[in-house]
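Undergrad:
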Amino acid sequence: MWLEDVGLRYNRRGPWVLRQVKVGVAPGEAVVVLGRNGAGKSTLLQLAAGVLRPSRGRVLDRPSVVGWVPERFPADQPFTVDGYLAAMARIVGLSPITADRAVRRWVDRLGIGPFRTVRLSQLSKGTAQKVGLAQALLRPPGLLVLDEPWEGLDAAARELVPQVVDEVLADGGSVLVSDHRGETVRLPGAREWLVADGAVVERAPSDAAAVAVVELEVPVGQLPATVARLRAEGHHVLRVRGQNAPPEATRPGAGPSSEVAR
Amino acid sequence: MTALVRFRLAGFLRTGRALAPVLAGLLTLGILYGGGRAQPAEAYGVSAVVLFPVLAWQTKILLDVEPDVQRRLALVAVGPAREQAAGLVAAVVAGLGLVATAVVFPWLVGGVAGPSLPGDRSVSAGVALGLWAHLLALPAAVALGALASRVITRSAGYGVAVLTLGTVGVLVLGFSGSVAPWLAPPLLPTARALVGPLSGSTALLLTVWALAWTAVALTGYAQARTRRA
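Read top to bottom, the protein sequences are chains A and B.
Numbering of the first sequence is given in full-length UniProt numbering, commencing with residue 1 and proceeding in unit increments.
Numbering of the second sequence is given in full-length UniProt numbering, commencing with residue 1 and proceeding in unit increments.
Encoded structure:
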């Protein structure tokens, strides 16, 4: 799916929220959309999902089935969880039997079974958010758009979001996720778009730039040989800490028995 | 689309906000038929005029009951054209309920009488013409209500203003001798036509007029919706 020179403003005389956005996402790809509050992340996601129409430019090759999880689920509706999801399943075009099966599957997976007969307006924020997630997945989406999906979710459900994303990707779908709380690490391999000043720029893939620190325990006798071998393999040896040296992790290179190498 | 129509009707009926226009409709009909007996066709012509704002208001309520984000979810699910059409169809279905009430109501309270003088229309002809008058009013009212809905006007004040302007327009522009009768749907002309004998060409003209006005208003609605999700 491609956004071709897409610009958007909410009013004819209003300011451009996004301008000349040229980005694309291929099947099987996930993109994390980053940016400050009010930068236009939600606007970009809604353009991709087809909620908003671009004021300029166009969106090409949008998959026919789109699942959109809004930032806040509209809980002010006179339906129970079951009634709502069943209705949404019928609205997206599932037959009564498939609709029933899809609702049961996602109710079970998201752990909202105990709330099936509860009215939407009485749900906690996290549970309502899960209903929002469920409605987007009733049909396997070719494009899944998640606006701050981790907001208000409990630990178990947080782990579920990357699983769901992986499943959509495995089925050849694309996924767009916005995030401002650094949960992005849960989606390794995702591309990153940064929204700022009305523009969207691609950041270097996080895989290449990301660095991890490994602590090793090595017998003192083999220390020089091990360090030499690690360096030969292209690793950065940050420092070597002596057996009796105090564990001063904050100031590498301060003690006599420490060595720092870059 | 049927599923979305049913979903929206359910949302409208379950909130209790459906009660307000129904009560307003019954009140209006009660006042209208409280005065005495009339010939069915004449009475129905006036009934269609007075129910017009109620039908438009009911449409606005039905469309506004759904939260904005839910409307966008429906849009993502079925696409913009069907999302808009489903809202209008739901409003028409709800309006048909009020129209049916309006047609039956005068017979329950004795507000209409059968033919008494030679030349009076038969009861069935009167009812048929009355139904026709209401069915001319309904699409125009739905279009006005859609234009007054929150997704278009974005504020309660403008919404009420659109409803009021539309209703006042129908009355002011509809009087005989009006300078620009074409700017409003032909509710008063229809009511006047139902007093005397009605020719086929007049009936056809009124029908085309009402439908054309509705088409223009709905085009405006669809146009406005391209920039408003």
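Cβ atoms here follow ideal geometry from the backbone N, Cα and C, with glycine treated the same way.
Note that this is a predicted model, so its numbers are computed, not measured.
Please tell me whether A:L52 has its Cβ less than 8 Å away from any Cβ of chain B.
TA: For A:L52, the answer is yes, since a Cβ of chain B falls inside 8 Å of its Cβ.
Undergrad: So what does DSSP say about B:E42, is it helix, strand or coil?
TA: In the structure shown, B:E42 sits in a helix (DSSP, three-state: H, G or I).
Undergrad: I want to verify the contact list: residues of chain A whose CB lies under 8 Å from the CB of B:R14, in sequence order.
TA: Near B:R14 (Cβ distances below 8 Å), the residues of chain A are P78, F79.
Undergrad: With the cut-off set at 8 Å, would you say B:L171 and B:L183 are in Cβ contact?
TA: For B:L171 and B:L183, no; Cβs fall outside 8 Å.
Undergrad: Could you name the residues of the region 107–137 of chain A whose beta carbon sits closer than 8 Å to any beta carbon of chain B, in the order they occur along the chain?
TA: If the cut-off is 8 Å between Cβ atoms, the region 107–137 of chain A has Q135 near chain B.
Undergrad: My output table needs one value for A:S178: the three-state DSSP class, helix, strand or coil.
TA: Strand.
Undergrad: Which residues in chain A sit within 8 Å of B:L75, going by Cβ to Cβ distance?
TA: The answer, in chain order, is G50, V51.
Undergrad: Under a Cβ-count criterion, where at least 16 other Cβ atoms within 10 Å of its own Cβ denotes burial, should A:V220 be classed as buried or exposed?
TA: Looking at its Cβ environment, which holds fewer than 16 other Cβ atoms inside 10 Å, A:V220 is exposed.
Undergrad: Which of helix, strand or coil does DSSP assign to A:D5?
TA: A:D5 falls in the strand class under three-state DSSP.
Undergrad: When we look at the beta-carbon of B:Q223 and count the other beta-carbons within 10 Å, is it buried (16 or more) or exposed?
TA: It is exposed - the Cβ of B:Q223 has fewer than 16 other Cβ atoms within 10 Å.
Undergrad: 8 Å is my cut-off, CB to CB: does A:P74 come that close to chain B?
TA: It does; some Cβ of chain B falls within 8 Å.
Undergrad: Rounded to the nearest angstrom, how far is the Cβ of B:R8 from that of B:A86, given a contact under 8 Å?
TA: With a Cβ gap of about 6 Å, B:R8 and B:A86 count as contacting.
Undergrad: Based on DSSP bridge pairs, tell me the residues matched to A:L60.
TA: DSSP lists A:W2 as partners of A:L60.
Undergrad: With DSSP run on the structure shown, which of helix, strand or coil describes residue 323 of chain A?
TA: Nothing can be reported for residue 323 of chain A, as the shown portion of chain A is limited to 1 through 262.
Undergrad: Closer than 7 Å, Cβ to any Cβ of chain A: which residues of the region 7–36 of chain B, in chain order?
TA: Listed by position along the chain: F7, G11, R14, T15.
Undergrad: Would you mind sorting residue 255 of chain B into buried or exposed? The rule is 16 or more other CB atoms within 10 Å of its CB.
TA: Residue 255 of chain B falls outside the range modelled here, since chain B spans only 1 to 229, and no answer is possible.
Undergrad: Hey, A:A89 and A:F79: beta-carbon distance below 8 Å or not?
TA: Taking 8 Å as the Cβ cut-off, A:A89 and A:F79 do not qualify as a contacting pair.
Undergrad: Assuming B:Q58 and B:L98 make a contact with CB atoms under 8 Å, what is their CB distance in whole Å?
TA: Confirmed, about 7 Å.
Undergrad: State the DSSP-derived secondary structure class of A:V237, mapped to helix, strand or coil.
TA: The answer is coil: DSSP assigns A:V237 none of H, G, I, E or B.
Undergrad: Quick check on DSSP: helix, strand or coil for A:T80?
TA: In the structure shown, A:T80 sits in a strand (DSSP, three-state: E or B).
Undergrad: Take A:L216 and list the residues in its own chain whose beta-carbon comes closer than 8 Å to its own, dropping the five residues that flank it on each side.
TA: Counting only Cβ-Cβ distances below 8 Å, and skipping sequence neighbours, we find T226.
Undergrad: Considering A:D147, what are the terminal residues of the beta strand (DSSP E) in which it resides?
TA: From DSSP, the beta strand (DSSP E) with A:D147 extends over 143–147.
Undergrad: Whose Cβ in chain A lies nearer than 7 Å to the Cβ of B:L4?
TA: Chain A residues near B:L4: I91.
Undergrad: Since A:L18 contacts A:G7 with CB under 8 Å, what's their CB separation in whole angstroms?
TA: That pair is a contact at about 6 Å.
Undergrad: Buried or exposed: which applies to B:I61, given that a residue is buried once 16 or more other Cβ atoms fall within 10 Å of its Cβ?
TA: The residue is buried, with at least 16 neighbouring Cβ atoms inside 10 Å.
Undergrad: Whose C-beta lies closer than 7 Å to the C-beta of A:D76 among residues of the same chain, with five residues either side of it excluded?
TA: If we look at A:D76 and ignore the five residues flanking it on each side, its Cβ neighbours are S121.
Undergrad: Pull up the DSSP beta-bridge partners for residue 276 of chain A, would you.
TA: What is shown of chain A runs 1 to 262, which leaves residue 276 of chain A out entirely.
Undergrad: Taking only beta carbons into account, state which residues of the region 13–30 of chain A come closer than 9 Å to chain B, listed in chain order.
TA: Residues passing the 9 Å Cβ filter: none.
Undergrad: Who are the neighbours of B:V69 on chain A, taking C-beta pairs under 8 Å?
TA: Simply P70, R72, F73, P74.
Undergrad: Identify the contact partners of A:A87 in chain B, using a Cβ-Cβ distance below 8 Å as the criterion.
TA: By Cβ distance, chain B contributes A3, R6, F7, A10.
Undergrad: Does any residue of chain A bring its CB to less than 8 Å from the CB of B:V89?
TA: No, B:V89 does not count as interfacial toward chain A.
Undergrad: With H, G and I counted as helix, E and B as strand and the rest as coil, what does DSSP make of A:M30?
TA: According to the sequence shown, residue 30 of chain A is Ala rather than Met. Strand, per DSSP.
Undergrad: Quick check: the region 99–115 of chain A against the region 63–73 of chain A, are at least 3 beta-carbon pairs closer than 8 Å?
TA: In short, these stretches do not touch, since the Cβ pair count stays below three.
Undergrad: Is there contact here, the region 39–54 of chain B with the region 23–30 of chain B, by at least three beta-carbon pairs under 8 Å?
TA: Contact holds: three or more Cβ-Cβ distances are below 8 Å.
Undergrad: Assuming A:T117 contacts A:D82 under a Cβ cut-off of 8 Å, what Cβ separation, rounded to an integer in Å, is found between them?
TA: Confirmed, about 6 Å.
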